[in-house]
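**Student:** For what it's worth, the numbering used here labels the leading residue of the sequence shown as 1, then goes sequentially. Positions of the beta carbon are idealized from the N, C-alpha and C atoms, including for glycine. Please see the structure below; I have some questions.
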Amino acid sequence: MRIDLFLKQSRIVKRRTLAKQMCDDGFVFLNDKKAKAQSDVKTNDTITIYFSLKKVTYKVLDVPERVLSKSQSSLLYEVLSEEFYEK
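Okay, here's the thing in structure tokens:
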């Protein structure tokens, strides 16, 4: 599954276009390498995202084959670390 689609379906990012833009701008890393929007995500991959005020690292627990409900989407990943920045 494409990383931009995974970020949308897991509800880490609200819109797929935003996920694609974040990848294009270099804010998303897949296994410590810059991710392109079309990069494939697999189980046990790590995704690091640099948001405006924090850096969050996720571990992919499952890759869905179809759209999941909001309650099920949180089962797709685990937060490994979360670091906040100062303004």
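For Tyr85, count the other beta carbons within 10 Å of its own beta carbon; 16 or more makes it buried, fewer makes it exposed. Which is it?
**Tutor:** exposed
**Student:** Give every residue of the same chain whose Cβ lies closer than 6 angstroms to the Cβ of Val28, excluding the five residues on either side of it in the sequence, and list them in chain order.
**Tutor:** Leaving aside the five residues that flank Val28 on each side, the residues in its chain whose CB is nearer than 6 angstroms to its CB run, in chain order, Met22, Ala35, Ile49.
**Student:** When you compare only the Cα positions, how much space is there between Met1 and Asp40?
**Tutor:** Whole-angstrom Cα-Cα distance: 5 angstroms.
**Student:** Can Ile12 and Leu30 be called in contact, C-beta distance under 7 angstroms?
**Tutor:** no
**Student:** From Ser71 to Tyr77, what does the alpha carbon distance come to, in whole angstroms?
**Tutor:** 12 angstroms
**Student:** What are the residues that DSSP puts in a beta bridge with Ser10?
**Tutor:** None; Ser10 has no bridge partner.
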